[in-house]
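Engineer: With the working numbering, the residue at position 94 of the sequence shown is 94, and numbering never jumps. Heads up, the beta-carbon is just placed ideally off N, CA and C, and yes, glycines get one too.
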Amino acid sequence: MLHDLSIPADVRAAIVVVLFHPTTDDLANLRMLARAGIHLIIVINALANEAVPLLPDGDKVTVIMNDHNVGLARALNQGIDTAIGGGADYALLLDQDSRPPEDLLDKMVASVRSIEERSGRRLACAAPLLLDRKASKTFAPPKPNSGTLATSGSLISRAAWNSIGPMWEELFIDGIDHEWCFRARARGFDTMTIPEVVMEHDMGEIGVNLSGRFRPIHRSPVRHYFIIRNTLWLTRRPYIPRVWRLSELVKLLYRAPVYVIVSRDRRASLRSIGNALLDGMTGSRARQPI
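1. With DSSP as the reference, please indicate the residues paired to D132 in a beta bridge.
2. Say whether chain D places a C-beta atom closer than 7 Å to the C-beta of R255.
3. Buried or exposed for T148, going by 16 or more other Cβ atoms inside 10 Å?
4. Buried or exposed: which applies to N49, given that a residue is buried once 16 or more other Cβ atoms fall within 10 Å of its Cβ?
5. Should A73 and I80 be called a contact, given that it needs their Cβ atoms to be closer than 7 Å?
6. Please classify N174: is it buried, with 16 or more other beta-carbons within 10 angstroms of its beta-carbon, or exposed?
7. Helix, strand or coil for V260? Go by DSSP, reduced to three states.
8. How long is the line joining the alpha carbons of L210 and N230, rounded to whole angstroms?
9. Going by the CB atoms, is the gap between P128 and M192 shorter than 7 Å?
10. Restricting to Cα atoms, I'd like to know which of D265, R267, L246, T235 is closest to G280.
11. Buried or exposed: Y239, going by 16 or more other Cβ atoms within 10 Å of its Cβ?
12. For H224 and A9, I'd like the C-alpha separation in whole angstroms.
13. Short check: CB of D177 to CB of T151, under 7 Å?
14. Among L130, P100, I64, V250, whose alpha-carbon lies nearest the alpha-carbon of V18?
15. Reducing DSSP to helix, strand and coil, say where L72 ends up.
16. Would you kindly check if the distance between the Cβ of R185 and the Cβ of I164 is under 7 Å?
17. Report, in whole angstroms, the separation of the C-beta atoms of I156 and A124, which I expect to be a contact under 8 Å.
18. Taking the C-alpha atoms as reference points, what is the distance between A324 and R271?
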């Protein structure tokens with residue numbers, strides 16, 4: 001049960017969750033999470049007025065209410081800054097629909113400490129093995145010492161946050177995790193998947209199952225803009241590995257036509273893709289697609 005979520009006695013941690021039009025099930029899950037007795041920081045980017053009474057409350061619940069959608073990156077920064085500023089040694093990032101196992105924090109913190117003590121490595125963040133709810137139960141896990149980690153389930157340390165700095169807010173939603181992890185590695189930190197800890201995760205609206213792993217395909221023209229523009233922006237950053245840059249540029253060649261095919265609004269996606277290519281190649285920050 002989520003309300004049994006545990007943590008080592010000598011560790012201070014906080015949980016950060018960003019809300020964007022959460023379901024009633026998501027809010028019920030948050031209320032259960034609040035019973036764990038761990039500082040729960042909820043950052044709201046969009047919430048219906050009638051849903052406000054469904055939010056958890058209590059001495060260990062902090063709610064940050066934005067008056068508009070400030071983007072996932074800024075919302076995460078608000079939450080993590082609140083966690084670290086409140087004395088947390090670690091901040092655990094969860095999506096609004098995340099359903100963490102009860103031993104998630106305990107295992108994650110223990111694993112991070114053990115790895116750092118045994119190897120002398122500095123971990124910027126660690127994450128559980130994510131199993132998409134749409135995927136088969138037999139899947140090939142990523143390499144434990146992978147270059148980047150998904151935001152959901154990531155455990156970020158105070159030392160890493162103070163050294164590496166905040167998420168790049170102009171990215172808004174897509175590529176945030178890639179950029180921060182690569183910046184961390186460029187500054188001498190490691191990022192790692194903890195394969196012994198598994199957490200279910202929703203990877204996207206629709207997608208394809210390749211070798212047992214779900215590959216999401218987003219249908220929103222707004223997401224199409226940010227994915228393509230941000231990919232091009234990241235390829236211009238010197239600390240992004242060359243192999244990643246080349247791989248992502250190749251992927252854009254098939255992503256763009258697929259996005260148009262699966263889009264909710266094909267004309268809007270064509271316009272978004274064109275704008276993304278222009279802004280991505282010129283580095284323009286003038287456009288506000290939201």
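Structural biologist: Walking through what the data contain:
1. H201
2. As a matter of chain content, chain D is missing from the structure shown, which is built from one protein chain.
3. buried
4. exposed
5. No.
6. Looking at the sequence provided, one finds Asp at residue 174 rather than Asn. D174 is buried by the Cβ-count criterion.
7. helix
8. Residue placement at L210 is flagged as unreliable, the pLDDT there being 48, under the threshold of 50; the coordinate-derived value follows with that caveat. Taking the straight line from one Cα to the other gives about 25 Å.
9. no
10. T235
11. exposed
12. 44 Å
13. Taking 7 Å as the Cβ cut-off, D177 and T151 qualify as a contacting pair.
14. Selection L130, P100, I64, V250 evaluated against V18 yields I64 as nearest (Cα-Cα).
15. DSSP places L72 within a helical segment (H, G or I) once states are collapsed to three.
16. no
17. 7 Å
18. Residue 324 is absent from the structure shown; the chain starts at 1 and stops at 290.
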